[in-house]
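Student: Below you will find the structure I want to go over with you.
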DNA sequence: ACGATCAATAATAGCGCTACGATTTTTTCG
DNA sequence: CGAAAAAATCGTAGCGCTATTATTGATCGT
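So, in structure tokens, the structure goes:
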């Protein structure tokens, strides 16, 4: 009968210090109104808005996005999966995308696939458990299970940095074989006939392989000689130096070099310098990436400038449009192109 | 009285296709057991575990981390805020940390402060709304509001890439002034007496400034001449070339150059090559960062190799320990050190 | 002036999961 | 063999928020 006979007070849960109800109470409105204010400020009267703003300020209220996401069945997170952010290309895209998404209060969840489809699959699974607003993958090649996971999903799935294959949903990037073609045509236009492609990690990096293939195809079509010299490890200047030496050993009359990226290319340039090979007189060198050092080295490197930051911005735009209810009708393939920076190495 | 008089069926909510209850039903256990299995598999019997695993597999169940996080008042996300992932140093740390966290099924939420404390503050606010398992910031310098936000927080707050100031919670990194000191001592040991520090963006990059200050202090202490030549923009090889020319113009008898990072240093090296300045005979050059091209250039660059990936791994370890309930007692400062790579440019 | 119309606000019912105590089943051992 | 201890499982009550419907108050045309 008395208090002591009651069951012990029901167990308490952990909690957030300041909730929306606290704000509502202080602002003298209902929680619904606070929620509405946070999502659609224009639907709330000026007086209420002011009171709520003040209360939020005073209480230092931080909304709980998990509660919101749970109730709304979708979160303010965007998942992006790249091979590695150590790679300057993807770092560029990730950075520009994060900047663009921040304006819409969307957060970036980052994952690294390390060029491994199995890894990607696990990451996609983990990503989906956040009910993200969109999911961004690198490239068009994925495991069957990944495709299955993404098939039943209603959010935008955006594949970046590669065009030209069947895509899941939307694709933003450029054609890497066209890069190879552009480089080959450039070298041939410069009067080079004996070409070599220096490649790194091409068994894993599909896009490097595509550039190589396009290069070979265009060179052969123009009647030039074109060989490949490659190394299995990640591209670096050191490997570029090694590959250049190897190329000249195997093909002494080479007069034009294309590289799978600028790391390889500057490595080749460094090697030429040590070997007293005149660039571009004796040997023309073209890279890919237009990395930070490429314009400054000796001689300045002719290279392909991809559109890494544009890719990120376009992806963010697509996601924004989708959140605003626009149908992503025709813009399902966005070709962000690339440009050839002609400098003195060719 | 009849059905038509009833109120319309209560409004439906959006929902997830497969929930934990579905799994429980198929596995013939209660939802609690499924939840337990997912969080502490060892606490569930072998028979039940198998049934649940099978059900998860069959239904292709993906847990809803937002629901879980809401109930548990903490999510499986870790927020990391760096100036920019375009910067190879931070890319390294972010990448190694993501790899380490993935093993514990923790996700990385990434934000870019762009060296702006105001931006950082907003990002911290956004980060907190995910109730992350930990929050990682770059450097020890933050706005008062940021400090206030983080003061009331029970999760680990880890500050990386800087030691030597008052920290909020835990700090992992190294002393940048010691880097400057090490470089100065190295140059002096090589017989250099007229030193110049080439710096970029030092008004924003506190850590570059610290390296510079340490350098000047040590040089002066050793009785050497030491000047600073700087540029306000982000470090690049081009700026490095410009700064080198400027340094020689202002201080023609300079015989030793320290750079705020390797981009500047290779730019300086490129400029020396163009100006026919013998390195290291006439001029010694030392960088910071040991970037991918630093060992391959001409001459190979003497530089400081920081511990970016170790910083990421240690941060992940700290977070793991905290999740496992260990008190982060004494290990609140982790000095990951740096090493001087002596190559031929000095 | 009076219902109709519209804008602003409030009440309600979960979203899917976890923590906790309670309950059931199994094991241990005097 | 039976009671106590340990292991395994379950039931309950929210976590903090949003979406939907319901309600209130203000505006308006005739």
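Residue numbers (the numbering used here), protein chains in the order written: chain A, 20 to 365; chain B, 20 to 365.
Even for Gly, the Cβ is constructed at its ideal location relative to N, Cα and C.
Spell out whether any CB of chain B is found under 7 Å from the CB atom of residue 327(A).
Tutor: Locating residue 327(A) in the first chain gives position 308, where the first residue counts as 1. No, no contact with chain B.
Student: Buried or exposed for residue 69(A), please, with buried defined as at least 16 other CB atoms from any protein chain shown within 10 angstroms of its CB.
Tutor: In the first chain, the residue the question calls residue 69(A) occupies position 50. Flag for residue 69(A) reads exposed.
Student: List the residues of chain A that residue 114(B) touches, going by C-beta distances under 7 Å, in chain order.
Tutor: For this step, residue 114(B) is matched to residue 95 along the second chain. What residue 114(B) touches in chain A: 103, 104, 105 and 131.
Student: Taking CB distances under 7 Å as the criterion, tell me whether residue 255(B) reaches chain A.
Tutor: Residue mapping note: residue 255(B) aligns to position 236 of the second chain, counting from 1. It does; some Cβ of chain A falls within 7 Å.
Student: Below 8 Å CB to CB, which residues in the same chain sit around residue 333(B) once its five sequence neighbours on both sides are set aside?
Tutor: Here residue 333(B) refers to the residue found at position 314 of the second chain. Here the set comprises 191, 353 and 355.
Student: Closer than 8 Å by C-beta to residue 196(A): which residues in its own chain qualify, once you throw out the five before and the five after it? Chain order, please.
Tutor: Against the first chain, residue 196(A) aligns to sequence position 177. Counting only Cβ-Cβ distances below 8 Å, and skipping sequence neighbours, we find 183, 229, 230, 232, 233 and 236.
Student: With a CB to CB cut of under 7 Å and the five nearest residues on each side skipped, what residues in its chain are close to residue 194(A)?
Tutor: As a working note, residue 194(A) is residue 175 in the first chain. 182 and 183.
Student: Assess contact between the segment 108-125 of chain A and the segment 118-138 of chain B, defined as three or more Cβ pairs (one per stretch) separated by less than 8 Å. Is contact present?
Tutor: yes
Student: Can you check whether the C-beta of residue 76(B) is within less than 7 Å of a C-beta belonging to chain A?
Tutor: As a first step, residue 76(B) is located in the second chain; it is residue number 57 there, counting from the start. Answer no: the Cβ-Cβ gap between residue 76(B) and chain A never drops below 7 Å.
Student: Rank 109(A), 158(A), 110(A) and 58(A) by C-alpha distance to the C-alpha of residue 87(A) and give the top, closest one.
Tutor: The count along the first chain starts at 1 and reaches residue 87(A) at position 68. Selected option, being the one with the closest Cα: 58(A).
Student: Tell me whether residue 308(A) is buried or exposed, calling it buried when 16 or more other Cβ atoms sit within 10 Å of its Cβ.
Tutor: The sequence position of residue 308(A) within the first chain is 289, counting from 1. Buried, since its Cβ has 16 or more Cβ neighbours within 10 Å.
Student: Given 8 Å as the limit, is there contact between the segment 329-344 of chain B and the segment 145-158 of chain B, that is, 3 or more CB pairs closer than that?
Tutor: yes
Student: Take residue 173(B) as the anchor and find which of 269(B), 362(B), 187(B) and 218(B) has the nearest alpha-carbon.
Tutor: Start at 1 with the first residue of the second chain, and residue 173(B) comes out as number 154. Of 269(B), 362(B), 187(B) and 218(B), the residue nearest in Cα terms is 187(B).
Student: So, does the CB of residue 86(A) fall closer than 7 Å to a CB anywhere in chain B?
Tutor: As a working note, residue 86(A) is residue 67 in the first chain. Interface residue, yes.
Student: Flag residue 117(A) as yes if its beta-carbon sits less than 7 Å from any beta-carbon of chain B, otherwise no.
Tutor: Numbered from 1 along the first chain, position 98 holds the residue referred to as residue 117(A). Residue 117(A) counts as touching chain B.
Student: Listed from N- to C-terminal order along the chain, which residues in the segment 255-271 of chain B have their beta-carbon within a distance smaller than 8 Å of any beta-carbon of chain A?
Tutor: 255, 256, 257, 259 and 260
Student: Please state the DSSP three-state secondary structure of residue 192(B).
Tutor: By one-based count along the second chain, residue 192(B) stands at place 173. Residue 192(B) falls in the strand class under three-state DSSP.
Student: Can we count residue 85(A) as close to the ligand MG, meaning its CB is less than 6 Å from some heavy atom?
Tutor: By its list of ligands, the structure shown contains no ligand whatsoever, and the ligand MG lies outside what it can speak to.
Student: With a threshold of 7 Å between beta carbons, is residue 110(A) in contact with chain B?
Tutor: Within the first chain, the letter at position 91 stands for residue 110(A). Residue 110(A) counts as touching chain B.
Student: I'd like to know if residue 169(B) contacts chain A, where contact means its C-beta is closer than 7 Å to some C-beta of that chain.
Tutor: Stepping through the second chain from its first residue, residue 169(B) is reached at position 150. Not closer than 7 Å to any Cβ of chain A, the Cβ of residue 169(B) fails to qualify, so no.
Student: Quick check for students: name the residue ranges of the alpha helix (DSSP H) that lie wholly in the segment 113-167 of chain A, counting only runs of 4 or more.
Tutor: Along the segment 113-167 of chain A, the alpha helix (DSSP H) occurs as fully enclosed runs of 4 or more residues at 136-147, listed in sequence order.
Student: Which ranges does the alpha helix (DSSP H) cover as unbroken runs of at least 4 residues, wholly within the segment 238-294 of chain B, from first to last along the chain?
Tutor: 256-269 and 281-294
Student: Please determine, among 205(B), 55(B) and 329(B), the residue with the shortest C-alpha to C-alpha distance to residue 362(B).
Tutor: In the second chain, the residue the question calls residue 362(B) occupies position 343. Nearest C-alpha to residue 362(B): 205(B).
Student: On a CA-only basis, which of 214(B), 293(B), 221(B) and 250(B) is nearest residue 239(B)? Give me that one, please.
Tutor: On the second chain, position 220 is the one that residue 239(B) refers to. For residue 239(B), the nearest C-alpha among the options comes from 214(B).
Student: So for residue 21(B), helix, strand or coil by DSSP?
Tutor: Against the second chain, residue 21(B) aligns to sequence position 2. Below a pLDDT of 50, predicted positions are generally treated as unreliable, and residue 21(B), at 35, falls in that range; the measurement from the model is reported next regardless. Reduced to three states, the DSSP call for residue 21(B) is coil.
Student: Leaving aside the five residues before and after residue 76(A) along the sequence, list all residues of the same chain whose C-beta is less than 8 Å from its C-beta, in chain order.
Tutor: To locate residue 76(A), count along the first chain from 1; it is residue 57. Contacts found: none.
Student: Any contact between the segment 317-328 of chain A and the segment 159-178 of chain A? By contact I mean 3 or more CB pairs, one from each, below 8 Å.
Tutor: Cβ pair count under 8 Å is below three, so no.
Student: Mind checking if residue 82(B) is an interface residue toward chain A, Cβ cutoff 7 Å exclusive?
Tutor: Numbered from its first residue, the second chain carries residue 82(B) at position 63. Yes, residue 82(B) counts as interfacial toward chain A.
Student: Terminal residues of the continuous beta strand (DSSP E) containing residue 209(A)?
Tutor: By one-based count along the first chain, residue 209(A) stands at place 190. Careful: residue 209(A) lies outside any beta strand (DSSP E) and carries neither H nor E.
Student: If we ignore side chains and look at the alpha-carbon of each, how far apart do residue 301(A) and residue 198(A) end up?
Tutor: Residue 301(A) sits at position 282 when you count from the first residue of the first chain. Residue 198(A) sits at position 179 when you count from the first residue of the first chain. Near 23 Å, if we compare the C-alpha coordinates of residue 198(A) and residue 301(A).
Student: Can you tell me the Cα-Cα spacing of residue 157(A) and residue 143(A), whole angstroms?
Tutor: The residue given as residue 157(A) occupies position 138 in the first chain. The residue given as residue 143(A) occupies position 124 in the first chain. The alpha-carbon atoms of residue 157(A) and residue 143(A) are separated by roughly 12 Å.
Student: From which residue to which residue does the alpha helix (DSSP H) around residue 69(A) run?
Tutor: Walking along the first chain from the start, residue 69(A) turns up at place 50. Segment 65-78, the alpha helix (DSSP H) holding residue 69(A).
Student: Indicate whether at least one CB of chain B lies closer than 7 Å to the CB of residue 137(A).
Tutor: For the purposes of this step, residue 137(A) is taken as the residue at position 118 of the first chain. No, residue 137(A) lies away from the interface with chain B (no Cβ there is under 7 Å from its Cβ).
Student: What does DSSP give as the partner residues of residue 178(B) in its beta bridges?
Tutor: Position 159 of the second chain, counting from 1, holds the residue named residue 178(B). In the DSSP assignment, the residues bridged to residue 178(B) are 156(B) and 190(B).
Student: In the DSSP assignment, the beta strand (DSSP E) including residue 4(B) goes from what residue to what residue?
Tutor: The first residue shown for chain B is 20 and the last is 365, placing residue 4(B) beyond what the model contains.
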